[in-house]
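Protein sequences appear in the order of chains A and B. For the first sequence, UniProt numbering gives the first residue as 1, with consecutive numbering after it. For the second sequence, UniProt numbering gives the first residue as 1, with consecutive numbering after it. Structure, as structure tokens:
Protein chains: 2
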Amino acid sequence: MSRRIVVVGGVALGSKAACRAKRVDPEADVYLIDRDEYISYGGCGIPFYISGDVSDVSELRSTSFHMLRDERFFLKDKGVVALTGTEVTRIDRQGKTVAIRRKDGTTDTLAYDKLVLATGTTPRMLPLPGRDLENVFTVANLHDALAIKEKVTEGSIGKAVVVGGGFIGLEMAEALADMWEIETSIVEVFDQIMPGFVSPSLATMARKTIEDKGVRVYTSEKVEALVGEGAVSAVKTDKRTLDADMVIMAVGVVPNTGLAKEAGLEVTPQGWIVVNDQMQTSDPDIYSGGDCAAVKNLVTGELGYFPLGSMANRQGRVIGTNVTGGSARFDGAVGSFVVKIFDNALAGAGLTADRASAAGFDAVGIQVAQFDRAHFYIEKEVIFLELVVDEKTRRVLGIQGFGGKDSGMVARINAVAPLLKYKPGVEEISNLELAYSPPFASAMDIINALGNAASNYLDGRYRPMTMEAFAACWENRSCGDTFFLDCRANADAQPFADKYPEIWKSIPHDQLVDRMDEVPKGKKLVLLCNTGVRSYEAQLNLNAKGITDNVSAGAGIAGLKTWGVDFGLDK
Amino acid sequence: MSRRIVVVGGVALGSKAACRAKRVDPEADVYLIDRDEYISYGGCGIPFYISGDVSDVSELRSTSFHMLRDERFFLKDKGVVALTGTEVTRIDRQGKTVAIRRKDGTTDTLAYDKLVLATGTTPRMLPLPGRDLENVFTVANLHDALAIKEKVTEGSIGKAVVVGGGFIGLEMAEALADMWEIETSIVEVFDQIMPGFVSPSLATMARKTIEDKGVRVYTSEKVEALVGEGAVSAVKTDKRTLDADMVIMAVGVVPNTGLAKEAGLEVTPQGWIVVNDQMQTSDPDIYSGGDCAAVKNLVTGELGYFPLGSMANRQGRVIGTNVTGGSARFDGAVGSFVVKIFDNALAGAGLTADRASAAGFDAVGIQVAQFDRAHFYIEKEVIFLELVVDEKTRRVLGIQGFGGKDSGMVARINAVAPLLKYKPGVEEISNLELAYSPPFASAMDIINALGNAASNYLDGRYRPMTMEAFAACWENRSCGDTFFLDCRANADAQPFADKYPEIWKSIPHDQLVDRMDEVPKGKKLVLLCNTGVRSYEAQLNLNAKGITDNVSAGAGIAGLKTWGVDFGLDK
Numbered sequence: 001m002s003r004r005i006v007v008v009g010g011v012a013l014g015s016k017a018a019c020r021a022k023r024v025d026p027e028a029d030v031y032l033i034d035r036d037e038y039i040s041y042g043g044c045g046i047p048f049y050i051s052g053d054v055s056d057v058s059e060l061r062s063t064s065f066h067m068l069r070d071e072r073f074f075l076k077d078k079g080v081v082a083l084t085g086t087e088v089t090r091i092d093r094q095g096k097t098v099a100i101r102r103k104d105g106t107t108d109t110l111a112y113d114k115l116v117l118a119t120g121t122t123p124r125m126l127p128l129p130g131r132d133l134e135n136v137f138t139v140a141n142l143h144d145a146l147a148i149k150e151k152v153t154e155g156s157i158g159k160a161v162v163v164g165g166g167f168i169g170l171e172m173a174e175a176l177a178d179m180w181e182i183e184t185s186i187v188e189v190f191d192q193i194m195p196g197f198v199s200p201s202l203a204t205m206a207r208k209t210i211e212d213k214g215v216r217v218y219t220s221e222k223v224e225a226l227v228g229e230g231a232v233s234a235v236k237t238d239k240r241t242l243d244a245d246m247v248i249m250a251v252g253v254v255p256n257t258g259l260a261k262e263a264g265l266e267v268t269p270q271g272w273i274v275v276n277d278q279m280q281t282s283d284p285d286i287y288s289g290g291d292c293a294a295v296k297n298l299v300t301g302e303l304g305y306f307p308l309g310s311m312a313n314r315q316g317r318v319i320g321t322n323v324t325g326g327s328a329r330f331d332g333a334v335g336s337f338v339v340k341i342f343d344n345a346l347a348g349a350g351l352t353a354d355r356a357s358a359a360g361f362d363a364v365g366i367q368v369a370q371f372d373r374a375h376f377y378i379e380k381e382v383i384f385l386e387l388v389v390d391e392k393t394r395r396v397l398g399i400q401g402f403g404g405k406d407s408g409m410v411a412r413i414n415a416v417a418p419l420l421k422y423k424p425g426v427e428e429i430s431n432l433e434l435a436y437s438p439p440f441a442s443a444m445d446i447i448n449a450l451g452n453a454a455s456n457y458l459d460g461r462y463r464p465m466t467m468e469a470f471a472a473c474w475e476n477r478s479c480g481d482t483f484f485l486d487c488r489a490n491a492d493a494q495p496f497a498d499k500y501p502e503i504w505k506s507i508p509h510d511q512l513v514d515r516m517d518e519v520p521k522g523k524k525l526v527l528l529c530n531t532g533v534r535s536y537e538a539q540l541n542l543n544a545k546g547i548t549d550n551v552s553a554g555a556g557i558a559g560l561k562t563w564g565v566d567f568g569l570d571k
Numbered sequence: 001m002s003r004r005i006v007v008v009g010g011v012a013l014g015s016k017a018a019c020r021a022k023r024v025d026p027e028a029d030v031y032l033i034d035r036d037e038y039i040s041y042g043g044c045g046i047p048f049y050i051s052g053d054v055s056d057v058s059e060l061r062s063t064s065f066h067m068l069r070d071e072r073f074f075l076k077d078k079g080v081v082a083l084t085g086t087e088v089t090r091i092d093r094q095g096k097t098v099a100i101r102r103k104d105g106t107t108d109t110l111a112y113d114k115l116v117l118a119t120g121t122t123p124r125m126l127p128l129p130g131r132d133l134e135n136v137f138t139v140a141n142l143h144d145a146l147a148i149k150e151k152v153t154e155g156s157i158g159k160a161v162v163v164g165g166g167f168i169g170l171e172m173a174e175a176l177a178d179m180w181e182i183e184t185s186i187v188e189v190f191d192q193i194m195p196g197f198v199s200p201s202l203a204t205m206a207r208k209t210i211e212d213k214g215v216r217v218y219t220s221e222k223v224e225a226l227v228g229e230g231a232v233s234a235v236k237t238d239k240r241t242l243d244a245d246m247v248i249m250a251v252g253v254v255p256n257t258g259l260a261k262e263a264g265l266e267v268t269p270q271g272w273i274v275v276n277d278q279m280q281t282s283d284p285d286i287y288s289g290g291d292c293a294a295v296k297n298l299v300t301g302e303l304g305y306f307p308l309g310s311m312a313n314r315q316g317r318v319i320g321t322n323v324t325g326g327s328a329r330f331d332g333a334v335g336s337f338v339v340k341i342f343d344n345a346l347a348g349a350g351l352t353a354d355r356a357s358a359a360g361f362d363a364v365g366i367q368v369a370q371f372d373r374a375h376f377y378i379e380k381e382v383i384f385l386e387l388v389v390d391e392k393t394r395r396v397l398g399i400q401g402f403g404g405k406d407s408g409m410v411a412r413i414n415a416v417a418p419l420l421k422y423k424p425g426v427e428e429i430s431n432l433e434l435a436y437s438p439p440f441a442s443a444m445d446i447i448n449a450l451g452n453a454a455s456n457y458l459d460g461r462y463r464p465m466t467m468e469a470f471a472a473c474w475e476n477r478s479c480g481d482t483f484f485l486d487c488r489a490n491a492d493a494q495p496f497a498d499k500y501p502e503i504w505k506s507i508p509h510d511q512l513v514d515r516m517d518e519v520p521k522g523k524k525l526v527l528l529c530n531t532g533v534r535s536y537e538a539q540l541n542l543n544a545k546g547i548t549d550n551v552s553a554g555a556g557i558a559g560l561k562t563w564g565v566d567f568g569l570d571k
């Protein structure tokens, strides 16, 4: 007799698991059940539908060959019975059935041999006064997408507030501001955007890009109420009131695990379904994955949470294989990500220094700046990477970066992410073998320079200063303790020395050894050049003379300017 | 007493090793000796200097901060004594000295504690009649670069022949044809361009791009003589005579290992210097690396040869660390590469199927086509990847691809290359965690699709046909044995069915199960769709009915058109 596979939830993981199961076992009865009428859509594409980069919402529901993924498609193309507008209300693990309720109110039970829970998440809605006002949206599904797009195309939205500075918040803010010229603000309760995903330094670079495009960003600021009559008209924070014709709530998600909990399946304290590396829940006939489940974080070894369409698809295939008798594995994830921010990309994988420290590592983040291609090649730009390493073991724990929206940034992140589970040391990054030719990389690529900088730091040869630390130091530059030694060519450095004669001096690196007596004594020196190469060499020259109370601005003046340090000079 | 480090050869590895040594041990006496006046230049940039992408040759000799890397720079900026125009004529291993001869003919001996041989290569010159004619060039150093650029800027070169269709040959052909509009031909003795680096299928895609840009490509063709009076005027091959005002010989390199051999150091039968994973030669006080040395091929475990500036730089740093008392390692390489071909990129890492078979693996190459970004995102293009796997062990041995010149191709190659030494299985590629968001990748990215296709093949579920095999089959389409079943939508497929009614039929995939009786019997079926997704599903539907004498065109019609299959239809 053919096996019956029932999949609950049909967006990313569910539809992938169902189709894979049917491909592996064409005899299987495969059901795909979703309470929504829309299934199998690219939810990650919603901000790009709002922005206009995706012109019609049906494109998010279509295959690459333009077939709409509706019930008919699943039946005819995939051999899967899709039941939309149908809710699974209960799981009977003993009887191996699920109870369903159709849109028309009729109910039924459906037997299963293997059950897949792909119930996803619900956007978190802050318990705020005014949360039920009109024009307050979350971004969870195509209904939201259609409703938001309708509002913005009407032209009635002059101002918008996005609550939350994570992935969806940033993408939505860009969509509203860039295409629709809506005056948009982001309010983030943490002290940086993308908290937990990148360091304060990289977050500030991304923030500056956003602000340069006219979006206001308020961090360390808590929304207290949404205000309005009928429709929202303002957002009240603990610091100000922002006019708003539209509010986008993008403050995270809550896993939809009610069914799993009622059925007595193991869930984490935070509410995610626990699965093993074959994506089985605590009931071996029930599988789960995607946004409602936790998988192993391959860096920490603990359970982690990676709610991404890419994870859901890969896990869905593993489940499809396993519910039909296979034994595919999904070991876990390291949390690779990338988000386009106007003309830039912010990306990473693994842990930030803060997260690594919280996980018990002796973590430090090393920052470098370098051209993305050979410096002599005609097209190139300076990009920024940060490597997070454990000081005790020299193990690489994560990598994050900020650069252009070309794929050059992901080309570096992708090179490190799959390695992280092998616990590479920094030397492996120094020797990392990227595809090289001048139009694509440097002979000593930024990724290698990053490994080199980290190993120099761990060897005690290099004392870097992060962009964040420099900025704080620059704010307090009049305190008298610090002196800035500029190692660039005199033409670049002299304007700074002229403007800040008390604290800034130009000694080009190739003159330093001969002019060592001009180096100020009794001051904490901050060594600077354009991207940190010459200032590092100057540090070595000073080390050799026993002058060690100095730091080198690791990402250089190029990094500091991108970060937003204001040197008070035009260039 | 400070240690004396002598480095012989100052282009890539040599200058890196010297500078790193001095940084690690500021007390060391470091000498960098080169017979040329030009040192520390980006040789890989020469084709881009010829093309005009690099405007002045000094840029290839300069740092990213525009300092010329000459003797003064090495002394003042790096603390390294560079002796240019100086040849090392002999190594005395007992006495630990080298004999040198200066440009002016004077000689001397120089003691060393550690010696580094970074002597590089000499371009191979075929022993052809006419090889000494004027305007016959190799592309080895800046003298060549200047000479070639001078000729092309004079405007006297109307036609050029490039002998050799490898990296340098392709880059030089593009430089001559694209910027200077020189009528350029490539002659390659093997039956494809980039032999040994990519499969015939990918090579043909690249070839078509080159030919579409007006460069003629002759493969399986041997140059027999260069013809001319004073200057070259033609190239005589075993098949034709090509007019040529300039000839570029790009037929590989010969390692400069005379010094090493005379000193009795171990070299391979092919003449490369043998080093261990600390880059030490058979004499522990003598190190080598870069283009004149062989390092371990991390896929085969045998010695391999990776003459790339990127390898030289990383190895140079390892040597710089080790000659100053450190113990850094360079494990080996997998041969990552990328070459820009007009608006495209051809890239890879590890072994091709042919090379893997030659190395004793039971190798197969699996090809896929897919958009490089989410298919619903506004900017995207179909790219092509091939995964080389061992059929017995499911181990991944290599990856190659052809796509746009954006960094999207290297973003995929880079994700796999660093893994190859860990002997990943195809399932690791299926689950590979790339940074995902719609402007950068698909949720199920092409790299995952590639792993999936390979695992489906190895599981006996998928019977693909390579582009090469399809092309041969299409040539013989009138033989009566083969029938083409087009699984695309009828609007796409019908023109083909109308043009080839005897051999081509349109059954859209979503109708196949219901129209199974229309599938021709007793024929070998070739299943087709745009990128191989629907034709694979059709194959599964046929499998389920016991119809298994069929293959699926893995890279689809998109791949076949890029390859150059002519279907005789406008679209």
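The beta carbon of each residue, even a glycine, is placed where N, CA and C say it ideally should be.
Check: Cross-chain neighbours of A:N141 in chain B, by beta carbon under 9 Å; Outcome: Those do not exist, as A:N141 stays about 16 Å from chain B at its closest Cβ, beyond 9 Å.
Check: From A:R394, A:D331, A:N414, residue whose alpha carbon lies closest to that of A:L385; Outcome: A:N414
Check: Residues, ordered as in the chain, of the segment 203–226 of chain B that lie near chain A by beta-carbon distance below 7 Å; Outcome: none
Check: Where B:T352 sits in the DSSP three-state scheme; Outcome: coil
Check: Nearest-angstrom Cβ-Cβ length linking B:L528 and B:N550, presumed shorter than 8 Å; Outcome: 11 Å between Cβ atoms; not a contact.
Check: A:C292, buried or exposed, once every other Cβ within 10 Å from all chains shown has been counted against 16; Outcome: buried
Check: Whole runs of the beta strand (DSSP E) within the segment 92–125 of chain B, excluding any shorter than 3 residues; Outcome: 97–102, 107–111, 114–117, 121–123
Check: For A:A147, the residue or residues it bridges with in DSSP; Outcome: A:A147 pairs with nothing; no bridge assigned.
Check: A:F190, enclosing alpha helix (DSSP H) - first and last residue; Outcome: No alpha helix (DSSP H) contains A:F190, which DSSP labels as neither H nor E.
Check: Straight-line Cα distance separating B:M179 from B:P47; Outcome: 11 Å
Check: For B:G451, three-class secondary structure by DSSP; Outcome: helix
Check: Alpha-carbon to alpha-carbon, A:Q315 and A:L176; Outcome: 32 Å
Check: A:N541 in three-state terms, based on DSSP; Outcome: helix
Check: Contact belief for A:F190 with A:T219 at Cβ below 8 Å, rounded distance in angstroms; Outcome: 7 Å
Check: Cβ contact check for the segment 359–369 of chain A and the segment 387–395 of chain B: 3 or more pairs under 8 Å; Outcome: no
Check: Within 9 Å, strictly: CB atoms of B:M205 and B:G554; Outcome: no
Check: Three-pair Cβ contact test at 8 Å for the segment 33–43 of chain A versus the segment 136–146 of chain A; Outcome: yes
Check: Residues near B:G165 in its chain [Cβ-Cβ closer than 6 Å; skip 5 each side]; Outcome: I186, E188, I193
Check: Between the CA atoms of A:V8 and A:G230 - distance to the nearest angstrom; Outcome: 36 Å
Check: Classification of A:P269 by the beta-carbon crowding that lies within 10 angstroms, buried from 16 upward; Outcome: exposed
Check: Cβ-based burial, A:D486 [other Cβ within 10 Å; buried from 16]; Outcome: buried
Check: Chain A contact residues for B:S552, given Cβ-Cβ distances below 9 Å; Outcome: Chain A residues near B:S552: none, gap ~13 Å exceeds 9 Å.
Check: CB contact below 9 Å: B:Y436 versus chain A; Outcome: yes
Check: Interface positions of the segment 369–399 of chain B facing chain A (Cβ-Cβ less than 7 Å), listed along the chain; Outcome: F371, A374, H375, F376, Y377, I378
Check: Below-9 Å beta-carbon distance, B:T63 vs any chain A residue; Outcome: yes
Check: Selection from A:D390, A:G403, A:G214, A:L110 that minimises the alpha carbon distance to A:E381; Outcome: A:G403
Check: Given 8 Å, three or more beta-carbon pairs between the segment 438–457 of chain B and the segment 363–372 of chain B; Outcome: yes
Check: Integer-rounded CB distance, given that B:V11 should sit under 8 Å from B:L110; Outcome: Not confirmed; about 20 Å, so no contact.
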